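**Student:**
Number of protein chains: 2
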Amino acid sequence: MAAGTPGAGRVAQAEMRSANMGLLLRHLRAHGGRSRARLAQETGLSKATTSSLVTDLAQRGLVREGALERGGAVGRPGTTVALDGSGVAGIGIELAVDYASFTAVTLAGTVVREQVSPLDVAHLPLAEVLDRTATQLQRMIHSLAESGTRVAGITVSPPGIIDYASGSLRFAPNLGWRDVALVREYATRLSEPTPPIRLENDAKLAALAESVRFAREGVSDLVYLTGDVGVGAGIIADGALMRGWAGFSGEVGHLHLAPDDRPCNCGRTGCWETVVGLNALLESAAPAGDSLRDPGRPIEDRLYELRRRADAGDAPTLAALTAIAEHLAEGLAVLVDVLNPKAIVLGGYFAWFGAFIIPVAETRLQARALDAGNHARVVASELGLMAAARGGAFLALEDVFADPTLVPAGA
Amino acid sequence: MAAGTPGAGRVAQAEMRSANMGLLLRHLRAHGGRSRARLAQETGLSKATTSSLVTDLAQRGLVREGALERGGAVGRPGTTVALDGSGVAGIGIELAVDYASFTAVTLAGTVVREQVSPLDVAHLPLAEVLDRTATQLQRMIHSLAESGTRVAGITVSPPGIIDYASGSLRFAPNLGWRDVALVREYATRLSEPTPPIRLENDAKLAALAESVRFAREGVSDLVYLTGDVGVGAGIIADGALMRGWAGFSGEVGHLHLAPDDRPCNCGRTGCWETVVGLNALLESAAPAGDSLRDPGRPIEDRLYELRRRADAGDAPTLAALTAIAEHLAEGLAVLVDVLNPKAIVLGGYFAWFGAFIIPVAETRLQARALDAGNHARVVASELGLMAAARGGAFLALEDVFADPTLVPAGA
DNA sequence: CTTAATTAGTTAGGATGCTGTACGAACAAT
DNA sequence: ATTGTTCGTACAGCATCCTAACTAATTAAG
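Protein chains in written order, with our numbering: chain A, 235 to 645; chain B, 235 to 645.
#1: Determine, using beta-carbon pairs with one atom in the region 400-415 of chain B and one in the region 635-645 of chain B, whether at least three such pairs fall under 8 Å.
#2: With a threshold of 16 other CB atoms inside 10 Å of the CB of LEU555(B), please say whether the residue is buried or exposed.
#3: Can you tell me which of the three DSSP states PHE336(B) falls into?
#4: Cα separation between ALA601(B) and GLU560(B)?
#5: Give me, in chain order, the residues of the same chain whose beta-carbon lies closer than 8 Å to that of TRP506(A); leave out the 5 immediate sequence neighbours on both sides.
#6: If you draw a straight line from the C-alpha of ALA441(B) to the C-alpha of ASP633(B), how long is it?
#7: Name, in chain order, the residues that DSSP records as bridge partners for GLU328(B).
#8: Would you identify the three-state DSSP class for GLY581(B), choosing helix, strand or coil?
#9: For CYS505(B), which residues does DSSP report across the bridge?
#10: Sorted by chain position, which residues of the same chain lie with C-beta nearer than 8 Å to ARG270(A)'s C-beta, five sequence neighbours on each side aside?
#11: Rounded to whole angstroms, what's the CA-CA distance from SER483(A) to VAL509(A)? Just pull it up for me.
#12: Can you tell me whether MET235(B) is buried or exposed? The criterion is at least 16 other CB atoms within 10 Å of its CB, across all chains shown.
#13: Could you list which residues in chain B have their beta carbon closer than 8 Å to that of THR277(A), in chain order?
#14: Classify LEU638(B) as buried or exposed, calling it buried when 16 or more other Cβ atoms lie within 10 Å of its own Cβ.
#15: Which residue from ALA549(A), VAL463(A) and LEU599(A) puts its Cα closest to that of ILE533(A)?
#16: Determine the burial state of THR460(A): buried for a count of at least 16 other Cβ atoms within 10 Å of its Cβ, exposed for fewer.
#17: Cβ of ARG502(B) less than 9 Å from any chain A Cβ?
#18: Just checking my contact of SER615(A) with GLY581(A) at CB under 8 Å: how many whole Å lie between their CB atoms?
#19: Given a cut-off of 9 Å on the beta-carbon distance, is the pair GLY319(B) and VAL385(B) in contact?
#20: Applying the criterion that 16 or more other CB atoms from any shown protein chain within 10 Å of the CB defines a buried residue, is ALA351(B) buried or exposed?
#21: Can you have a look at GLY267(B) and say buried or exposed, based on whether 16 or more other CB atoms are within 10 angstroms of its CB?
#22: Would you call the region 531-551 of chain B and the region 573-590 of chain B in contact, with 3 or more CB pairs under 8 Å?
#23: Throw me the rounded Cβ distance for the SER381(B) and ASP436(B) pair, which I believe falls under 8 Å.
#24: Using a C-beta to C-beta distance shorter than 7 Å, which residues of chain B count as neighbours of ALA471(A)?
#25: Under 8 Å Cβ-Cβ, which residues of chain B neighbour PRO575(A)?
#26: Please report the distance separating the alpha-carbon of ILE578(A) from that of VAL612(A).
#27: Out of ASP535(B), THR503(B) and ARG263(B), which one is the CA nearest neighbour of LEU516(B)?
#28: May I have the straight-line CA-CA distance separating ASP571(A) from PRO359(A), to the nearest angstrom?
#29: Just grab the DSSP bridge partners of PRO352(B) for me.
#30: Contact check, GLU444(B) vs MET620(B) under 8 Å by CB: the rounded distance?
#31: With distance defined between alpha-carbon atoms, name the residue in GLU434(B), MET476(B) and LEU433(B) nearest to SER454(B).
#32: First and last residue of the alpha helix (DSSP H) that includes THR556(B)?
#33: Out of curiosity, what's the CA-to-CA distance linking ALA361(A) and SER335(A)?
#34: Who are the neighbours of MET250(B) on chain A, taking C-beta pairs under 7 Å?
#35: In three-state DSSP terms, what is PHE628(A)?
#36: In the DSSP assignment, the alpha helix (DSSP H) including VAL315(A) goes from what residue to what residue?
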């Protein structure tokens, strides 16, 4: 229920039809396959119009007929109409410090391609990173085309600050990159016709990925929290991704919620990251000299090791996780009071240690956040490393859900 | 630029027309009166359609023709079309602890009625408060009808927690009211036909009121902060009022941002309110025994007195205001990092002492909030006590801006 | 002062999309 | 086999918007 009536844009006949086609598509996404008659009744469109629109959508390869609905009820059974999982897909790419992940998701929400490639993004020359990832991308597009799947769009999630207007990465502190026109760079490296390319922040994309899952449960207000060395939030408010004025909403890692004796990389002290970031966990869980604090050792190894210790009931590890959870709750309380989400989804290493962190964080949160009888549920993300890429694929598909006529009929 | 494609609803012929009429109306609100030709060009509608829609809007009394646009340019001058300030108005009511304020605002944004009535809401019986305010309301509706102005809707802002689904006040701590079905109570007390009645939180309404002003400057992301004994925020994100899952977004008064030696009325310690609420100012600005701390003295008197001292350069007063500003900045930094607004509008006593508070708060904020080269502007609200009522009137008018056909043509 | 050029607004005709009604199709119940 | 119900489609009708042509009002130029 949004107020303020933000500009809805002109409505002409053509837009009317595409808007209604989008309505059907989104209804199918949210509620699953169903008969034309039910679609008509539930969306408010007439049966005749629904029929016509479904035919149109089918010609574009976006929906297809399924089994007959033999519900045992009287009357003629309806033929199920469902999203077609082969016609169109979106691609999401996440560039991290030491790997690049690629995902392709169809309109039906099925992941049809997924790969994580180790890539020393931080040390390789920029051009080489772009060349290599663009090649992988091109290969994925070709491979999808061979299966008869069009790519509706591509979303790239770089590890840094994005300038949305120019489609460039303004600054990536961990890579040392500055003002890289990523959209243009990829567009020139891909063969024509190039699908639309976007940039978006990893936390926002992960939130979007989760929002698709939660929308089915009727949750349209949620917060996703990334858990890594840094911490960031993605906010879904009233079903839509919230970006803020310049796209910097959810920059919660440097909230001033910790004691001022903790210096932060940002130059200030007392940032939330310093007590809930991954380094805080590693430092408090392991004594100096412990191999967990060896920067040369792969981070995944260390996390596995830490989980083994936690599972085994190792006291210092459990104490460290509890401390993290308590500090985490402080920030979650802020997010709950400000945003009133229905769910908080924890990602990154928070999810990895969810069983240890969430119970503590949740009780602590309920004690601290304003209780209006509406607690936010805290859950662990199940998307793991692929969350951002997955969300990127979803974002790329949003265009199609908004205007299905973007996909030509001849497919 | 919203993503996530929240359900846009069915588009039928009738809705197409009303949607386009709303588009014109909102364009006129945002950009002021202009010719049909300019409207057509700027909205993307054709000249013919624009002409037809404008005629329709005029018949409903929503727009009217104005002067000729003699811009000195060649060609036939256009006749200005502008929002009609006499046809339709919205009414907002704020129930506070010791007064009730009423505002009527026309479609053109002009305040045509405004009254603040002292009313001992906290001690009078509920029925009497409702009777008296309903009578005033009815009188205002009549008076507007005599001037030929229809009331499109009424928004009531009660000082407590709202249950939107049932249209009732769930709990008002300062009044001791519980579960009062305000919408129904007012509806039964008003003579037919009753305009639609809504409830909304004061901070959210104030934010909405400010958003109308700021929208003209292209600001679609802002936060309004109420400054009273309690503190609350209203959030406008991407032009729309953000409510959160259950309508409790912006409950920032109890953020844990103060030292834990400050007990709060809510039973916890360290709430932001305890260091930026009005009581914090009065206590730190005046020594025990000072008349400023006399609860029997009207609060307005005390605020005037305090401002006199500040204007005169009284050191303890200035020190107290600076301390408030510094604590204020802590919370503003939270709001900036989470929401990335373009503007923060300070209301209540923050605005009253804006000249002393804002410069300090702003520099402090810039030091603390994440700097992505996009500072949020901090400004004082100019709406004073009427902010919430004004926003309520705007909210009531939103229906008309969304669907102008709600207003019958025969008016 | 007259004519051309330019822009505003209106009217007529055409195209498009949605709706209501009617009808055949497919099934359950009797 | 018949009846009643529901699904999906076909067709006529209607509302809307758009394009194109036209009139109206003004400036600029000869």
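Backbone N, C-alpha and C define an ideal beta-carbon position, used for all residues, glycine too. All of these numbers come straight from a predicted model, not from anything done at the bench.
**Tutor:** Let me lay it out:
#1: no
#2: Within the second sequence, residue 555(B) is the residue found at index 321, counting from 1. The Cβ neighbour count for LEU555(B), taken over all protein chains shown within 10 Å, is at least 16; the residue is labelled buried.
#3: Working through the second sequence from its first residue, we reach residue 336(B) at position 102. DSSP places PHE336(B) in strand when its eight states are reduced to three.
#4: As a working note, residue 601(B) is residue 367 in the second sequence. As a working note, residue 560(B) is residue 326 in the second sequence. Cα to Cα, ALA601(B) sits roughly 11 Å from GLU560(B).
#5: The residue you call residue 506(A) lines up with position 272 of the first sequence. Cβ neighbours of TRP506(A) beyond the five flanking positions: VAL465, VAL486, GLY487, HIS488, LEU489, HIS490, LEU491, ALA492, HIS561, GLU564 and GLY565.
#6: Numbered from its first residue, the second sequence carries residue 441(B) at position 207. Numbered from its first residue, the second sequence carries residue 633(B) at position 399. For ALA441(B) and ASP633(B), the distance between alpha carbons rounds to 18 Å.
#7: Position 94 of the second sequence holds residue 328(B). Looking at the DSSP output, GLU328(B) shares a beta bridge with SER335(B) and SER391(B).
#8: Translated into positions along the second sequence, residue 581(B) becomes position 347. Correct three-state label for GLY581(B): coil.
#9: The residue labelled residue 505(B) in the question sits at position 271 within the second sequence. Looking at the DSSP assignment, CYS505(B) forms a beta bridge with HIS490(B).
#10: Start at 1 with the first residue of the first sequence, and residue 270(A) comes out as number 36. If the five residues before and after ARG270(A) are omitted, its C-beta is found closer than 8 Å to the C-beta atoms of LYS281, THR284, SER285, VAL288, GLY312, THR313 and VAL315, all from its own chain and listed in chain order.
#11: Numbered from its first residue, the first sequence carries residue 483(A) at position 249. Numbered from its first residue, the first sequence carries residue 509(A) at position 275. Rounded to whole angstroms, SER483(A) to VAL509(A) spans 21 Å at the Cα level.
#12: Position 1 of the second sequence, counted from the first residue, corresponds to residue 235(B). With a pLDDT of 35 at MET235(B), under the threshold of 50, the modelled position of this residue cannot be trusted; read the value that follows with caution. Its Cβ having fewer than 16 others within 10 Å, MET235(B) is exposed.
#13: Walking along the first sequence from the start, residue 277(A) turns up at place 43. Those within 8 Å of THR277(A) in chain B are ARG244.
#14: Residue 638(B) sits at position 404 when you count from the first residue of the second sequence. The displayed chain sequence assigns Pro, not Leu, to residue 638(B). Per the 10 Å Cβ criterion, buried.
#15: Here the question's residue 533(A) lines up with position 299 in the first sequence. Nearest of ALA549(A), VAL463(A) and LEU599(A) to ILE533(A), Cα basis: VAL463(A).
#16: Taking the first residue of the first sequence as position 1, residue 460(A) is located at position 226. Its Cβ being crowded by 16 or more others within 10 Å, THR460(A) is buried.
#17: In the second sequence, counting from the first residue as 1, residue 502(B) sits at position 268. Residue contact check for ARG502(B) against chain A: a CB pair falls below 9 Å.
#18: On the first sequence, position 381 is the one that residue 615(A) refers to. On the first sequence, position 347 is the one that residue 581(A) refers to. Sure, about 4 Å apart at Cβ, within 8 Å.
#19: If you number the second sequence from 1, residue 319(B) lands on position 85. If you number the second sequence from 1, residue 385(B) lands on position 151. No, the Cβ-Cβ distance between GLY319(B) and VAL385(B) is not below 9 Å.
#20: As a first step, residue 351(B) is located in the second sequence; it is residue number 117 there, counting from the start. A small correction: the amino acid at residue 351(B) is Ser; Ala does not occupy that position in the sequence shown. With fewer than 16 Cβ atoms within 10 Å of its Cβ, SER351(B) is classed as exposed.
#21: Numbered from its first residue, the second sequence carries residue 267(B) at position 33. Per the 10 Å Cβ criterion, buried.
#22: yes
#23: Position 147 of the second sequence holds residue 381(B). Position 202 of the second sequence holds residue 436(B). Contact flag wrong, Cβ pair sits at about 28 Å.
#24: For the purposes of this step, residue 471(A) is taken as residue 237 along the first sequence, with counting starting at 1. Within chain B, the residues near ALA471(A) are ALA471 and MET476.
#25: Your numbering for residue 575(A) matches position 341 in the first sequence. Correct list: GLY478 and TRP479.
#26: Looking up residue 578(A) in the first sequence gives position 344. Looking up residue 612(A) in the first sequence gives position 378. Their Cα atoms are separated by approximately 5 Å.
#27: Numbered from its first residue, the second sequence carries residue 516(B) at position 282. Answer by Cα proximity: ASP535(B).
#28: For the purposes of this step, residue 571(A) is identified with residue 337 of the first sequence, where counting begins at 1. For the purposes of this step, residue 359(A) is identified with residue 125 of the first sequence, where counting begins at 1. Roughly 44 Å separates the two Cα atoms.
#29: Residue numbering aside, residue 352(B) sits at position 118 when the second sequence is read from its first letter. Looking at the DSSP assignment, PRO352(B) forms a beta bridge with TYR333(B).
#30: Residue numbering aside, residue 444(B) sits at position 210 when the second sequence is read from its first letter. Residue numbering aside, residue 620(B) sits at position 386 when the second sequence is read from its first letter. With a Cβ gap of about 12 Å, GLU444(B) and MET620(B) do not count as contacting.
#31: Your numbering for residue 454(B) matches position 220 in the second sequence. It is MET476(B) whose Cα lies nearest to the Cα of SER454(B).
#32: On the second sequence, residue 556(B) is found 322 positions in, with the first residue counted as 1. Its alpha helix (DSSP H) spans residues 549-573.
#33: One-based indexing of the first sequence puts residue 361(A) at position 127. One-based indexing of the first sequence puts residue 335(A) at position 101. Near 18 Å, if we compare the C-alpha coordinates of SER335(A) and ALA361(A).
#34: Walking along the second sequence from the start, residue 250(B) turns up at place 16. Within chain A, the residues near MET250(B) are VAL245 and MET250.
#35: In the first sequence, residue 628(A) corresponds to position 394, counting from 1. The answer is helix: DSSP assigns PHE628(A) an H, G or I state.
#36: Taking the first sequence and counting its residues from 1, one reaches residue 315(A) at position 81. Counting along the chain, VAL315(A) falls outside any alpha helix (DSSP H), though it belongs to the beta strand (DSSP E) covering 313-317.
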